[in-house]
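Here the structure is laid out as structure tokens; the discussion comes afterwards.
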Amino acid sequence: MTESKHPYTARREQLLRRLPEGSVALFFAGQAPPMSGDHAYGPFHVNRNFFYLTGITQEHSRLLLAKLNGSEQVTLFTEHVSEVEEKWTGKRLADAQAREISGIQDVQDLAQFETVLGRLLRTGEYEWLYLDVEQDRYHQLETEAHRFARVFRDKYPGIQIRNPYAELCRMRTVKDDVEIQSIRRAIDITREGVIAMMKSARPGMREYELEAHFDFALRSRGVREHAFPPIVAGGERACVLHYVDNDQVIEDGQLVLCDLGAQYGCYAADITRTFPISGKFTPRQREIYNIVLAAMEATIEAIRPGVTTSELNDVTKAVLAQELKRIGLIQEDSEVARYYYHGVSHRLGLDTHDVGSPKWPLEAGDVITVEPGLYIAEEGIGIRIEDDVLVTEDGPVNLSSDIPKDPDEIERIMRG
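Quick note: my numbering has the sequence shown finishing at residue 488, numbered continuously throughout.
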């Protein structure tokens, strides 16, 4: 097998270079969550760090990396099940398939995991266990890695546990060509869904009816997963940033804000478009829309290596404040916070809000969103426009520039 067929090999090698001698690192694919009060399980979403290093999406899989005295060990453990279990839940990856996907030659049955790990650690030569205990900023859910850590501390008290999360964050922020290709594909499929929504929009539709057109466009192109729960918000509901009920009627004359994205190869697109349900902007809607569009264009133009997303947000706010003062909606720059109350950008990748601090300067290879908005609840107007942009040494590359956002083009599409 050539290296080009296994991009995950280079990532594992990079991580191993960052780890000290005498280290073992473990990564868990995770498992599907149980559904409340039922023996059934919800959909499985593979741990993103595990996928980043292996390309494997099968639950209960594990990755072991070891580094000692100049030699390295890389072992992938996958679940082997009985014929009876296969009749209930289907076949698992064969070892040869796992090797082909991951580029890892040492693939073993998950049942051998404790034996292999114990053989390494009982030598007494390893000082550190790097355990991928996820840094979940929102939910603090206990994972398979958390449970393993508790048992490990009792069994091997002399080995210190460290977290490779910071190293992986630094690696994951800069995307390689394979990752960029997956993000581009997710965006291309999202484009088809957005256009389908524009073409099907009619006054009197419920938000979930419009969402269904997006969902069908994805599924008809082989994509079953959304990158995140879609936001389809008509009228004043668009002023709620994370509105996800999507169950109200969109009335004639209202705008509808659609924040959504396909997921392709575990990589996310994150796109927002706002358009008139009737197919034509009112003069006031177009005025506000063009202000948001101007802020987006100025912010994208400011993207370059070395800039932070916090600094990009300053550019956005400056344009919005200037324009809102011009039309008499505010008197002072500080008042812009009444109508714009979120950041303009986040990193994008395996997670929709991908790893990396807003304080970190952008690097070539970063992919970020640009999503200015204005939310004038008293007028029933909420507008956000969002594109996905690749940072390069030669300037920003708007990966989603083909998704219509010019108001004249939107109206033309909606006329059919």
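Even for Gly, the Cβ is constructed at its ideal location relative to N, Cα and C.
DSSP lists Leu-140 as the beta-bridge partner residues of Ser-143. Between the segment 464-473 and the segment 389-397, the count of Cβ pairs shorter than 8 Å is below three; the stretches do not touch. Around the beta carbon of His-298, a 10 Å sphere encloses 16 or more other beta carbons of the protein chains shown; the residue is thus reported as buried. In this structure, the alpha-carbon of Thr-215 lies about 23 Å from that of Thr-245. The secondary-structure analysis by DSSP pairs Phe-149 across a beta bridge with Arg-134, Gln-180. Annotation note: the segment 348-418 contains the following uninterrupted alpha helix (DSSP H) runs of length 4 or greater, listed N- to C-terminal: 355-373, 381-398. Selection Glu-483, Ser-174, Thr-371 evaluated against Thr-441 yields Thr-371 as nearest (Cα-Cα).
When secondary structure is reduced to three states using DSSP, Gly-190 falls in the helix class.
Between the segment 256-267 and the segment 307-316 there are fewer than three inter-stretch CB-CB distances shorter than 8 Å, so the stretches are not counted as touching. The distance from the Cβ of Val-427 to that of Arg-419 is about 7 Å, consistent with a contact at the 8 Å cut-off. The residue from Pro-115, Asp-342, Val-416, Arg-242 with its alpha-carbon nearest to that of Ser-429 is Arg-242. Non-local beta-carbon contacts of Arg-358 in its own chain, meaning distances under 8 Å to residues more than five positions away in sequence, involve Pro-479 in chain order. By the neighbour-count criterion, in which 16 or more other beta carbons inside 10 Å mark a residue as buried, Lys-389 falls on the buried side.
For the 8 Å CB-CB criterion, Glu-239 and Arg-90 form a contact.
Asp-438: not part of any alpha helix (DSSP H); DSSP gives it neither H nor E. Note on Glu-443: 16 or more other CB atoms within 10 angstroms of its CB, so buried under the neighbour-count rule.
CA-to-CA, the gap between Glu-144 and Phe-224 works out to about 22 Å.
The beta carbon of Gln-320 is closer than 7 Å to those of Arg-278, Glu-279, Gly-306, Arg-309 in its chain, skipping five residues each way along the sequence. Relative to Val-461, the option among Pro-301, Ala-340, Ile-448 whose CA is nearest is Ala-340.
The Cβ atoms of Val-439 and Lys-247 sit closer than 8 Å to each other. Contact between the segment 189-205 and the segment 154-173 is not established, with fewer than three Cβ pairs separated by less than 8 Å. Excluding residues up to 5 positions away in sequence, Ala-273, Pro-275, Ile-322, Gln-326, Val-328 lie with their Cβ nearer than 6 Å to the Cβ of Ile-349 in the same chain. Cβ atoms of Lys-352 and Glu-483 come within 8 Å of each other, at about 6 Å. For Val-321, the pairing in a beta bridge is given by DSSP as Arg-278. For Cys-330, the enclosing beta strand (DSSP E) begins and ends at 327-332.
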